[in-house]
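Taken in order, the first sequence gives residues 52 to 548; the numbers are from this note's numbering.
Backbone N, C-alpha and C define an ideal beta-carbon position, used for all residues, glycine too.
Here the structure is a predicted model, which means the values were calculated and not measured.
Note sheet for the following structure.
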Amino acid sequence: MSRVPVSEDDLTATRRAKLATLRASGFAYPNDFRPEDRAGEILETHAGDDTPALEELGREVVIAGRVMAKRSFGKAAFAVIEDASGRLQAYLRKDQLDEETFLLVKGLDLGDRIGVRGRVFRTRTGELTIAATEMRLLAKCLHPLPEKWHGLTDVEIRYRQRYLDLLSNAEVRESFQRRAKILAGLRGFLTSRDFLEVETPILQTVAGGAAAKPFLTHHNALDMKLQLRIAPELYLKRLLVGGFERVFEIGRNFRNEGLSTRHNPEFTMLEFYQSYATVDDLLPLVEEMVVGLAQTLHGGTKITYGDHEIDLGKPWARLSLVNSTAERVGCSPDDLRSDAKAAEIAKKNGVQPPAGAGAGKITTELFEHLFENEMVQPTFVLDFPREVSPLARPRDGDPFLVDRFELYVVGREIANGFSELNDPEDQRERFTAQVARRAQGDEEAHPMDEDYVTALEYGMAPAAGCGVGIDRLVMLLCNLPSIRDAILFPLLRAERP
RNA sequence: GAGGCGUUAGCUCAGUUGGCAGAGCAACGGCCUUUUAAGCCGUGGGUCCCGGGUUCGAUCCCCGGACGCCUCACCA
């Protein structure tokens with residue numbers, strides 16, 4: 052078990068003693084210091100100013116931040132101060148500060164939060180520096196920080212005490228700043244196309260909209276069993292019934308399943324629905340959306356992910372699930388529509404589908420087995436069987452299939468969309484079939500949702516909708532190897548004493 | 001859920017073919033008013049993840065456990 056201890060030891064004892072002294076003087080945790088400048092802005096503004104220019108300007112600045120390095124002499128010290136914008140050092144001289152303040156300077160520890168006021172100058176070695184005329188200790192750091200050169204690498208501490216990761220690893224801060232840009236970019240993209248951002252329930256009586264096991268909880272006042280949502284889909288489509296024509300939601304889903312580098316039990320999903328659109332409208336929309344994000348983040352369409360060079364600029368590949376599977380295993384596409392033949396072909400290719408699976412489910416599993424790892428460059432998978440798509444509209448003229456796509460990049464599903472099923476009677480039949488599977492032991496089959504069927508009975512405009520796994524999109528666009536690097540506080544096993 | 005690998009000072013890491021536990025940074029004391037991973041002199045700091053076993057002796061070997069990472073399974 053590794054964790055930075057919070058118990059007393061030699062390293063924190065002296066810092067606590069300093070804090071006690073501060074308390075005694077009444078200045079332990081002041082809140083009256085107001086920074087007026089930012090380190091990064093100062094560095095940028097004066098990047099081209101030499102010593103005479105700075106002397107002529109005589110600019111006084113006020114910054115606040117964390118002491119990340121300290122080089123102390125007898126009667127002076129340099130302290131590197133880091134705020135959210137960057138790092139700037141302050142030169143703290145005994146003859147420029149009152150006696151009490153200089154004692155504080157001598158007692159500064161790495162990690163302390165301080166505020167500094169002073170004029171900007173350049174040192175002999177040319178580094179832009181604040182000549183401090185005022186220094187305030189704003190919050191004492193009572194624990195030693197991770198090592199200044201190597202930072203923090205112990206992944207367990209990085210995840211359990213993410214604040215230490217953030218304050219010692221700049222690239223981690225950058226990843227989460229990029230994540231925020233991605234979310235803002237998605238919102239901008241959709242709202243500019245007249246999509247309305249909405250929020251739907253996370254506490255649901257029947258968790259539907261996806262094939263997954265829900266978390267269970269209970270409401271005391273109503274003495275009611277509740278489940279955390281596994282998808283917002285069915286509520287968003289109720290909103291289409293209500294008359295909103297384009298809606299989207301960015302929010303957390305919860306699935307009571309295993310963890311991996313690509314799975315966290317709570318994860319962020321974008322879902323959007325557009326009335327009077329079909330799946331054919333979604334493909335270019337998703338493509339434009341992702342390319343736009345890459346442009347914003349990287350200024351281009353070529354991105355690196357691990358060992359892969361991904362080009363989002365080329366036309367994205369399209370792969371027919373049924374036809375490409377048939378071609379690969381050397382059978383006719385029609386064979387994959389027969390339960391018996393499909394089962395036999397799957398077995399021959401080392402795939403063991405779950406009990407009760409029909410041709411559609413078997414073929415889908417076979418496809419994933421054969422092709423998933425090959426889809427490195429962005430690939431739209433098309434022609435999904437109806438059997439694995441209980442909320443999607445059957446294809447006109449070929450009801451074995453639905454009009455659906457999934458987007459894969461570096462072998463991972465990033466998005467999933469389809470023309471929506473708005474026929475309430477068909478939807479009821481699909482739910483009924485799912486309930487039957489559930490009775491056969493498929494814990495992830497959809498439950499019946501009568502309320503949703505009732506909503507469809509009032510008439511839902513023809514529509515198409517899409518879900519995008521945001522954490523995976525962030526992984527892709529920020530070159531992060533694990534979903535834990537895309538989520539600030541990923542779930543870890545509880546520590547035991 | 002299964003398998004593999006890992007856990008040594010606050011942090012980053014060495015190391016012990018089974019015989020007093022090591023470095024750098026951080027810390028503590030001293031010198032130092034333009035440093036840049038500041039420098040110089042000195043000092044302290046360990047349940048070698050936990051519990052058993054083998055052994056004269058275990059941080060090291062064996063067994064069990066905790067936590068983490070990776071792969072697989074489930075899934076997005």
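Kindly list the residues whose CB is nearer than 6 Å to the CB of Ser292, restricted to its own chain and excluding five residues on each side of it in sequence; keep chain order. For the purposes of this step, residue 292 is taken as residue 241 along the first sequence, with counting starting at 1. For the sequence presented, residue 292 should be read as Val rather than Ser. Only Ala506, Tyr509 and Met511 meet the Cβ criterion.
Beta-carbon proximity check, Ser371 vs Leu433, cutoff 8 Å: Position 320 of the first sequence, counted from the start, is the residue given in the question as residue 371. Position 382 of the first sequence, counted from the start, is the residue given in the question as residue 433. For Ser371 and Leu433, yes; Cβs fall inside 8 Å.
Would you mind working out which of Arg175, Asn307, His420 and Ala190 sits nearest Asp160, comparing C-alpha positions? Translated into positions along the first sequence, residue 160 becomes position 109. Of the candidates Arg175, Asn307, His420 and Ala190, the one whose C-alpha sits nearest the C-alpha of Asp160 is Ala190.
What first and last residue would you give for the alpha helix (DSSP H) that runs through Ala128? Locating residue 128 in the first sequence gives position 77, where the first residue counts as 1. Note, Ala128: premise wrong, no alpha helix (DSSP H); beta strand (DSSP E) at Ala127 to Asp134.
Could you round the C-beta distance between Ala263 and Glu308 to whole angstroms and report it? I think they count as a contact, below 8 Å. What you label residue 263 is simply residue 212 of the first sequence in a count that begins at 1. What you label residue 308 is simply residue 257 of the first sequence in a count that begins at 1. 6 Å between Cβ atoms; contact.
In three-state terms, what does DSSP make of Asn400? Indexing the first sequence from 1 puts residue 400 at position 349. Coil.
Residues in the same chain with beta-carbon distance under 8 Å from Asn374, minus the five sequence neighbours each way, listed in chain order, please. Taking the first residue of the first sequence as 1, we reach residue 374 at position 323. The residues are Pro384 and Asp434.
Measuring CB to CB, does Phe172 end up less than 8 Å from Thr184? For this step, residue 172 is matched to residue 121 along the first sequence. For this step, residue 184 is matched to residue 133 along the first sequence. In this structure, Thr184 does not lie closer than 8 Å to Phe172 by Cβ.
Are the CB atoms of Arg369 and Phe431 within a distance shorter than 8 Å? Along the first sequence, one-based indexing puts residue 431 at 380. Along the first sequence, one-based indexing puts residue 369 at 318. In contact: Phe431 and Arg369 (Cβ atoms closer than 8 Å).
Who are the Cβ neighbours of Tyr386 in its own chain at under 8 Å, not counting the five residues just before and after it? The residue labelled residue 386 in the question sits at position 335 within the first sequence. According to the sequence shown, residue 386 is Asp rather than Tyr. Result list for Asp386: Ala377, Lys392, Ala393 and Ile396, in chain order.
Pair every Cβ in the region 144-156 with every Cβ in the region 111-128, then say whether three or more of these pairs are closer than 8 Å. yes
From Arg437 to Asp447, what distance separates their C-alpha atoms? Here residue 437 is taken as the residue at index 386 of the first sequence, counted from 1. Here residue 447 is taken as the residue at index 396 of the first sequence, counted from 1. Those two C-alpha atoms are separated by around 12 Å.
One question on the structure: do Phe318 and Arg280 come within less than 8 Å of each other, judged by their Cβ atoms? As a position in the first sequence, residue 318 is number 267, starting the count at 1. As a position in the first sequence, residue 280 is number 229, starting the count at 1. Cβ distance not < 8 Å, so Phe318 and Arg280 don't count as in contact.
List the residues that DSSP assigns as beta-bridge partners of Ile165. In the first sequence, the residue the question calls residue 165 occupies position 114. Answer is Gly116 and Leu188, bridged to Ile165.
Within 10 angstroms of the Cβ of Asn82, are there 16 or more other Cβ atoms? Answer buried if so, exposed if not. One-based indexing of the first sequence puts residue 82 at position 31. When all chains shown are included, Asn82 counts as exposed.
What did DSSP end up calling Ala282 once you bin it into helix, strand or coil? Residue numbering aside, residue 282 sits at position 231 when the first sequence is read from its first letter. Residue state, collapsed to three classes: coil.
So Gly137 is in the beta strand (DSSP E); what residue range does that whole segment cover? One-based indexing of the first sequence puts residue 137 at position 86. It spans Gly137 to Arg144 - the beta strand (DSSP E) in which Gly137 sits, taken as one unbroken run.
On the criterion of 16 or more Cβ atoms from any shown chain inside 10 Å, does Arg122 qualify as buried, or is it exposed? Taking the first residue of the first sequence as position 1, residue 122 is located at position 71. With fewer than 16 other Cβ atoms within 10 Å, it is exposed.
To the nearest angstrom, how far is the alpha carbon of Arg455 from that of Trp200? Here residue 455 is taken as the residue at index 404 of the first sequence, counted from 1. Here residue 200 is taken as the residue at index 149 of the first sequence, counted from 1. C-alpha separation (whole angstroms): 50 Å.
Run through the DSSP bridge pairs and tell me what Cys529 is partnered with. By one-based count along the first sequence, residue 529 stands at place 478. Paired residues: none, contrary to the question.
Count the other C-beta atoms from every protein chain shown that fall within 10 angstroms of the C-beta of Pro283, then say buried if there are 16 or more, exposed otherwise. As a working note, residue 283 is residue 232 in the first sequence. With 16 or more Cβ atoms within 10 Å of its Cβ, Pro283 is classed as buried.
Bridge partners - Pro197, DSSP secondary structure assignment: Locating residue 197 in the first sequence gives position 146, where the first residue counts as 1. BP columns for Pro197 are empty, so no partner.
Could you tell me which residues DSSP pairs with Cys517 in its beta bridges? The residue labelled residue 517 in the question sits at position 466 within the first sequence. BP columns for Cys517 point to Phe323 and Gly468.
Under three-state DSSP, which class holds Leu458? Position 407 of the first sequence holds residue 458. Three-state result, Leu458: strand.
Assign Ser470 to buried or exposed, taking buried as 16 or more other Cβ atoms, counted over all protein chains shown, within 10 Å of its Cβ. Working through the first sequence from its first residue, we reach residue 470 at position 419. Buried: at least 16 other Cβ atoms inside 10 Å.
Nonlocal neighbours in the same chain, by C-beta distance under 8 Å from Val249, ignoring five residues either side: Walking along the first sequence from the start, residue 249 turns up at place 198. Cβ neighbours of Val249 beyond the five flanking positions: Leu287, Leu290, Phe295, Val298, Phe299 and Glu300.
Run through DSSP, which three-state label would Ser76 get? Residue numbering aside, residue 76 sits at position 25 when the first sequence is read from its first letter. Note: Ser76 maps to helix in three-state DSSP.
Simplified DSSP assignment, three categories, for Glu248: Stepping through the first sequence from its first residue, residue 248 is reached at position 197. Correct three-state label for Glu248: strand.
Opposite Pro562 in the DSSP bridges: which residues? There is simply no residue 562 to check, as the chain begins at 52 and stops at 548 in what is shown.
Please list, in chain order, all residues of the same chain as Asn400 whose beta carbon is under 8 Å from its beta carbon, the five residues on each side excluded. The residue labelled residue 400 in the question sits at position 349 within the first sequence. Once the five neighbours on either side are set aside, the close Cβ partners of Asn400 are Val380, Leu417, His420 and Leu421.
Quick check: what's the CA-CA separation for Ala443 versus Leu472? On the first sequence, residue 443 is found 392 positions in, with the first residue counted as 1. On the first sequence, residue 472 is found 421 positions in, with the first residue counted as 1. When rounded, the distance between both Cα atoms is 5 Å.
Taking Cβ positions, are Leu542 and Leu203 nearer each other than 8 Å? Taking the first sequence and counting its residues from 1, the one referred to as residue 542 is at position 491. Taking the first sequence and counting its residues from 1, the one referred to as residue 203 is at position 152. No, they are not a contact pair.
Determine the burial state of Asp216: buried for a count of at least 16 other Cβ atoms within 10 Å of its Cβ, exposed for fewer. Counted from its first residue, the first sequence places residue 216 at position 165. With 16 or more Cβ atoms within 10 Å of its Cβ, Asp216 is classed as buried.
Go ahead and label Ser440 buried or exposed: buried means 16 or more other beta carbons lie within 10 angstroms of its beta carbon, across all protein chains shown. As a first step, residue 440 is located in the first sequence; it is residue number 389 there, counting from the start. Its Cβ being crowded by 16 or more others within 10 Å, Ser440 is buried.
DSSP state of Asn473, grouped into three classes? Translated into positions along the first sequence, residue 473 becomes position 422. Coil.
For Met275, three-class secondary structure by DSSP: As a working mapping, residue 275 is identified with position 224 in the first sequence. Strand at Met275.
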